[in-house]
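Novice: Next up is a structure, given as C-alpha cells.
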Amino acid sequence: MQPVSLDVLVSASLPWAKEVIKNKILPIIESSVRNYLIDVHAARFLNKNLERFLSNVKGQCSLVNTLAFQNTPVELLDIYEPMSIYYDNEKKPYTCLIKDNADLLDNFNHILITDSAGMGKSTLMKRIALDCIANKEYIPIYIELRRAKDYDFALQVKHQLGLGEDISDNCLKKIPFIYLFDGIDEIPQQLKSKIVNLLSTFANNFSESKIIITSRHDNFLSELHGFSRFKINPLETNQAYDLLRRYDGRGPISSQLIKGLRLENGHNLNEFLSTPLYVSLLFCAYKFKPIIPRKRELFYSQVFDALYESHDLTKELGYVREKFSKLDSTDFHQVLRRLGFWCLKDGGKIEFTKDDLQITLQNIISKIPGISTSPSLFIQDLIETVPLFVKEGAIIRWSHKSLMEYFAAMFICRDTKERQKEILTKLYYSPESIRHRNLFSLCADIDYSSFRSSIIKCLLLDLKLSYEELKNEAAQFNCDTIKTKAEISLAGNSIIYLFDKDKENELLNDFFKGDLRAFNELSENGSHIITTITGVANHWLVIARESTIKSDILSILKSRKPSYFHKTHRFFNTDPELESNIMMEVGKQPEVKFNLTLDSLKDINKDKEIRLIESLLSFENTPQIKYDSALFELEQINCDESNGINQLLDGF
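Be aware that the sequence shown starts at 1, since it is given in full-length UniProt numbering, and climbs by one per residue.
If you want it as C-alpha cells, here you go:
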C-alpha cells in the first residue's frame with residue numbers, strides 16, 4: 001500500500017474545485033446578489049478561497065489514517081470495504097450500502113448516523129462525500145465538529161468559503177451543498193450544548209438542504225428533531241476478511257490471519273470482526289506478533305507493542321527505530337496512561353496545539369519518579385516512532401478517541417490502586433456517565449474483579465433500593481409483581497405507545513419520520529433516547545427508553561452471567577396470546593401510552609398490566625436482570641469484595 005500526502009491529493013482536487021465553482025457556485029451568487037463579482041480583486045479573492053476550501057475538502061475526504069499502516073495516510077478508496085447503514089423503521093425499513101451511486105440522498109434530507117466507538121462513522125462520511133463529488137450532484141461541505149466554532153453555522157460556512165456576510169442564507173440554500181458534520185461526541189464538553197443547539201437551528205433553517213451528522217450515542221442528540229436516525233450495520237465476517245485482504249493487497253499476512261480466524265471459528269471474536277476499528281487493530285497487532293487476541297484490552301496492548309517495537313522496513317531485518325525520548329516501552333506506556341486519564345478528566349480532550357501538549361506532558365512527566373525526558377521529544381515519538389498521534393497542521397491529536405480511552409482505563413485499573421473503586425463509582429454516578437460506555441467496557445476487560453465489586457455492586461444496590469421503595473408503597477402486591485416493576489425500571493425511564501394499525505395517527509407518523517419530540521420528557525436530564533418501533537399483531541408498538549449507562553453495565557454482566565437475565569423477544573410479533581392480552585388491557589382505543597418511571601410504576605395497580613408491560617418491553621434489546629439472581633450476585637460480592645485475594649493472603 002503506497003502512502004500519499006494530503007498536499008498531493010489537494011493539488012489533484014483543484015480541477016474539480018474550479019469546475020464546481022464555475023458551473024455551480026458563481027452563477028447562483030451572480031444571479032442572487034447583483035454586482036457582487038464586479039470588483040475584480042473581490043472576485044479573485046472569492047475564487048481563491050473557494051478553490052482552497054473545496055480542494056481541501058476533497059483531499060481530506062480522499063485520505064484516511066489507520067493503525068493498520070501505523071497512521072501513514074493512504075487513499076480511502078484503496079482500503080474502503082463497502083458498509084451499509086439502516087433506518088430502523090418497521091413500517092418502512094431502509095438499508096443503504098455506501099458505495100458508488102448510493103441512493104441515500106434520494107430518500108432523506110436530514111440524517112443522523114449514530115453508533116459505538118470504531119464503527120467507521122468518519123470513514124462513511126468521507127465515502128459519502130467522495131460519492132457526491134463523483135456524481136456531481138451535490139458539493140460536500142465537510143466539517144469536523146471538534147473544530148467548529150460556537151456561532152451561527154451558516155455564517156461559519158460563509159467564512160470558510162470566503163463569502164461575505166452580505167450573502168443571504170437564501171443564496172446559500174440555492175447552491176447544491178450537502179453539509180457533513182462529523183462527530184458531535186468529539187465537541188469539547190463545555191461547548192457541546194451550545195453547538196448542538198446551533199446545529200438544530202441550522203437544520204431548521206436549511207430544511208430542504210441535505211445534512212448528515214454523525215456521533216457516538218450522546219446525551220445531546222435528542223435536540224436534533226426531525227432527523228432520520230440511522231445505525232451502521234456491523235461487518236459480516238466475509239467483509240472483515242475482505243478488509244484484511246485490502247490492507248496487504250491479498251498478501252501473506254492477511255491470508256495467514258484469515259486462516260487463523262477460521263480455525264478459531266468464532267470464539268468471542270465476532271464482536272471484533274464486526275467493527276472496522278478492531279479489524280485494523282487486529283491487522284496491526286498480527287503483523288507484529290502472529291497471535292489473535294481475544295479481549296479488547298489485549299487488542300490495544302498488542303497494538304501498542306506493535307507500534308513501539310515496529311521495525312523500520314528501510315533498514316536491516318530486526319532494526320527497531322530508536323526513540324527520541326529514550327524511554328523504554330514500560331515507561332512510555334506509563335506516561336501514556338497518565339496522559340489518557342488527563343484527557344478523560346478534561347472532558348474527553350483528544351487534540352492539542354503543540355504548546356498545550358508540551359505543557360501537559362511536562363506536568364505529567366515531572367511527577368513520575370524515575371522518568372526523565374523532554375516533552376517535545378516524547379511528542380516527536382508519538383507522531384513518528386510510536387504513531388499513536390496524528391499531526392494535522394498546527395493540531396496534534398490522538399489517532400482515535402478509543403486509544404485515549406484505553407490508556408485512561410489502564411491508568412484507572414493499574415495505577416490508582418486503593419482509589420480504583422472510588423474512581424469507577426464516581427464515573428458511574430456522574431451525570432455524563434453514558435459518555436464513558438467504551439471506558440467501562442475496557443475497565444471490565446482489564447480488571448473485572450474490581451469492576452464487579454464497584455460498578456456492578458452499585459447497579460445491583462440500585463435495583464435493591466428500587467424494590468424496597470416499591471414494596472413500601474404497594475404492600476398489597478405479590479412479591480413477584482414488585483420484583484418485575486423493579487427490574488423494568490432499573491435501566492432507565494421509558495415510554496410505551498400502542499397504536500391501532502387500522503387507524504391513521506399523526507403522532508405515529510411523526511415517529512416514523514424520526515420526529516421524537518413526544519419523548520422530550522425522557523430527555524429532560526439531557527439523556528439520549530433509544531427507540532424501537534415494531535408491529536405486534538394489529539398494533540404498532542413504539543418503545544422509547546432513556547439511554548443510561550446502566551443498560552451497558554447490564555450488558556457487560558449478561559455477557560458473563562447470561563443465566564441471570566430474562567430472554568429478550570420472548571414473544572413473536574404475531575403471538576395470539578400477546579394480542580389477546582393487549583386487547584384485554586387497551587380494548588379498541590386508537591392510542592395508548594404507558595409512562596414508565598419508578599413513581600408511575602407505583603400507581604399501576606393491576607398485575608396483568610405489569611405483565612403486559614414486561615412482555616412489550618421484551619421487544620427491545622435492553623437486558624432485564626432477574627431480581628433473585630441480582631440478589632444472589634450481590635450476596636456473592638458482599639461475601640468477598642477482594643474476589644479471593646484476602647483468602648489467598650491469609651497466613652502470609
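Virtual Cβ for every residue (Gly too), placed ideally from N, Cα, C.
Name the two residues that bound the continuous beta strand (DSSP E) containing Glu392.
Specialist: As a first step, residue 392 must be located in the sequence shown, where it is residue number 392. It spans 389–392 - the beta strand (DSSP E) in which Glu392 sits, taken as one unbroken run.
Novice: Using beta-carbon positions only, say whether Ser13 and Lys58 come within less than 7 angstroms of one another.
Specialist: Indexing the sequence shown from 1 puts residue 13 at position 13. Indexing the sequence shown from 1 puts residue 58 at position 58. Yes.
Novice: Looking only at its chain, what residues have a beta carbon closer than 8 angstroms to the beta carbon of Gln636, apart from the 5 residues adjacent to it on each side?
Specialist: For the purposes of this step, residue 636 is identified with residue 636 of the sequence shown, where counting begins at 1. There are no such residues.
Novice: Which word fits Ile434, buried or exposed, when buried means at least 16 other C-beta atoms lie within 10 angstroms of its C-beta?
Specialist: Your numbering for residue 434 matches position 434 in the sequence shown. That one is buried.
Novice: What is the rounded straight-line gap between the Cα of Val303 and the Cα of Leu282?
Specialist: The residue given as residue 303 occupies position 303 in the sequence shown. The residue given as residue 282 occupies position 282 in the sequence shown. The alpha-carbon atoms of Val303 and Leu282 are separated by roughly 8 angstroms.
Novice: Fully enclosed by the stretch 256–317, which alpha helix (DSSP H) runs are 4 residues long or longer?
Specialist: Whole alpha helix (DSSP H) segments, 4+ residues: 270–273, 276–288, 296–308.
Novice: Would you mind giving the Cβ-Cβ distance between Leu339 and Phe407, rounded to the nearest angstrom? I have them listed as a contact below 8 angstroms.
Specialist: The count along the sequence shown starts at 1 and reaches residue 339 at position 339. The count along the sequence shown starts at 1 and reaches residue 407 at position 407. Sure, about 7 angstroms apart at Cβ, within 8 angstroms.
Novice: Taking the C-alpha atoms as reference points, what is the distance between Lys22 and Phe53?
Specialist: The residue given as residue 22 occupies position 22 in the sequence shown. The residue given as residue 53 occupies position 53 in the sequence shown. In a straight line, the C-alpha of Lys22 is about 15 angstroms away from that of Phe53.
Novice: Can you find the residues in the same chain that come closer than 6 angstroms, C-beta to C-beta, to Lys126, ignoring five residues on each side of it along the sequence?
Specialist: Taking the sequence shown and counting its residues from 1, one reaches residue 126 at position 126. Here the set comprises Cys61, Leu76.
Novice: Which residues share a DSSP beta bridge with Val74?
Specialist: Here residue 74 refers to the residue found at position 74 when the sequence shown is read from its first residue. For Val74, which the question treats as bridged, DSSP gives the partners Val64.
Novice: Between Glu297 and the rest of its own chain, which residues show a CB-CB distance below 7 angstroms, the 5 nearest in sequence each way excluded?
Specialist: The count along the sequence shown starts at 1 and reaches residue 297 at position 297. Result list for Glu297: Leu442, Asp445, Ile446, in chain order.
Novice: Looking at the strands, I want to know which residues DSSP matches up with Trp540.
Specialist: Taking the sequence shown and counting its residues from 1, one reaches residue 540 at position 540. Answer is Phe499, Gly535.
Novice: Excluding sequence positions up to five away, which residues of its chain have a Cβ less than 7 angstroms from the Cβ of residue 663?
Specialist: The chain is shown only over 1 to 652; residue 663 falls outside these bounds and no answer can be derived.
Novice: In angstroms, rounded to a whole number, what distance separates the CA positions of Ser555 and Ile423?
Specialist: The count along the sequence shown starts at 1 and reaches residue 555 at position 555. The count along the sequence shown starts at 1 and reaches residue 423 at position 423. Distance between the alpha carbons of Ser555 and Ile423 is about 21 angstroms.
Novice: Indicate the three-state DSSP secondary structure (helix, strand or coil) for Arg216 in the structure shown.
Specialist: Mapped onto the sequence shown, residue 216 falls at position 216. Three-state result, Arg216: coil.
Novice: What number of angstroms, rounded off, separates the C-alpha of Arg250 from the C-alpha of Leu403?
Specialist: The sequence position of residue 250 within the sequence shown is 250, counting from 1. The sequence position of residue 403 within the sequence shown is 403, counting from 1. Cα to Cα, the separation comes out at about 27 angstroms.
Novice: Select from Ser450, Ile291, Leu145, Asp603 the residue whose C-alpha is nearest the C-alpha of Glu186.
Specialist: As a position in the sequence shown, residue 186 is number 186, starting the count at 1. With distances taken between Cα atoms, Glu186 lies closest to Leu145.
Novice: Would Pro590 pass as a contact of Asn71 if the rule is Cβ separation under 7 angstroms?
Specialist: Residue mapping note: residue 590 aligns to position 590 of the sequence shown, counting from 1. Residue mapping note: residue 71 aligns to position 71 of the sequence shown, counting from 1. No, the pair does not count as a contact, with Cβ atoms beyond the cut-off.
Novice: Can you name, in chain order, every residue of its own chain whose Cβ lies under 6 angstroms from the Cβ of Phe272, other than the five neighbours on each side?
Specialist: Taking the sequence shown and counting its residues from 1, one reaches residue 272 at position 272. These residues qualify, in order along the chain: Tyr278.
Novice: Using a threshold of 7 angstroms, state whether the C-beta atoms of Pro140 and Ile113 are closer than that.
Specialist: Here residue 140 refers to the residue found at position 140 of the sequence shown. Here residue 113 refers to the residue found at position 113 of the sequence shown. Against a cut-off of 7 angstroms, the Cβ pair of Ile113 and Pro140 comes out as no contact.
Novice: Alpha carbon to alpha carbon, how far is Lys588 from Ala537? Give it in angstroms, no decimals.
Specialist: As a first step, residue 537 is located in the sequence shown; it is residue number 537 there, counting from the start. As a first step, residue 588 is located in the sequence shown; it is residue number 588 there, counting from the start. C-alpha separation (whole angstroms): 13 angstroms.
Novice: Count the other CB atoms within 10 Å of the CB of Tyr247; is the residue buried (16 or more) or exposed (fewer)?
Specialist: Against the sequence shown, residue 247 aligns to sequence position 247. Counting Cβ neighbours within 10 Å, Tyr247 comes out buried, since at least 16 surround it.
Novice: Only counting the same chain, and skipping five residues up and downstream in sequence, which positions put a Cβ closer than 7 angstroms to that of Thr416?
Specialist: One-based indexing of the sequence shown puts residue 416 at position 416. Contacts found: Ile423.
Novice: Does the distance from the CB of residue 674 to the CB of Ala102 come in under 7 angstroms?
Specialist: Residue 674 lies beyond the stretch modelled for the chain, which goes from 1 to 652, so this question has no answer here.
Novice: Once you ignore the five residues that flank Phe411 on each side, which residues in its own chain have a CB closer than 7 angstroms to its CB?
Specialist: Position 411 of the sequence shown, counting from 1, holds the residue named residue 411. Here the set comprises Arg337, Arg338, Gly340, Phe341.
Novice: With burial defined as no fewer than 16 other Cβ atoms inside 10 Å of the residue's Cβ, what is the status of Val40: buried or exposed?
Specialist: For the purposes of this step, residue 40 is taken as the residue at position 40 of the sequence shown. Its Cβ having fewer than 16 others within 10 Å, Val40 is exposed.
Novice: Using alpha carbons as the reference points, say which of Leu598, Leu557, Ile175, Phe378 lies closest to Glu30.
Specialist: One-based indexing of the sequence shown puts residue 30 at position 30. Answer by Cα proximity: Ile175.
Novice: Let's test the definition: count the other Cβ atoms within 10 Å of the Cβ of Ser600 and tell me whether it reaches 16, buried, or not, exposed.
Specialist: Here residue 600 refers to the residue found at position 600 of the sequence shown. Under this definition Ser600 is an exposed residue.
Novice: Apart from the five residues on each side of it in sequence, which residues of its chain come closer than 6 angstroms, Cβ to Cβ, to Asn573?
Specialist: Taking the first residue of the sequence shown as position 1, residue 573 is located at position 573. Answer for Asn573: Gly535, Val536, listed in chain order.
Novice: Taking one C-beta from the stretch 487–500 and one from the stretch 604–618 each time, how about it: are there three or more such pairs within less than 8 angstroms?
Specialist: Yes, they touch.
Novice: Excluding the five sequence neighbours on either side, which residues of its own chain have a C-beta within less than 6 angstroms of the C-beta of Lys471, listed in chain order?
Specialist: Here residue 471 refers to the residue found at position 471 of the sequence shown. Answer for Lys471: Ile482, listed in chain order.
Novice: Under 7 angstroms Cβ to Cβ from Ala42, same chain only, skipping five residues before and after it: list those, please.
Specialist: Taking the first residue of the sequence shown as position 1, residue 42 is located at position 42. So no residue of the chain qualifies.
Novice: Which runs of the beta strand (DSSP E) at least 3 residues long sit entirely within the stretch 579–613? Give them in chain order.
Specialist: Qualifying beta strand (DSSP E) stretches, in chain order: 591–596.
Novice: Could you tell me if Asn438 is buried or exposed, where buried requires 16 or more neighbouring beta carbons within 10 angstroms of its beta carbon?
Specialist: Here residue 438 is taken as the residue at index 438 of the sequence shown, counted from 1. When all chains shown are included, Asn438 counts as buried.
Novice: Which full runs of the alpha helix (DSSP H) of 4+ residues lie inside the stretch 316–376, going along the chain?
Specialist: Here the runs fully enclosed are 329–345, 354–365.
Novice: Quick check on the DSSP output: what are the complete alpha helix (DSSP H) runs of length 4 or more inside the UniProt domain "NACHT" (113–247), in order along the chain?
Specialist: List check, alpha helix (DSSP H) in window: 121–135, 153–161, 169–174, 189–205, 237–247.
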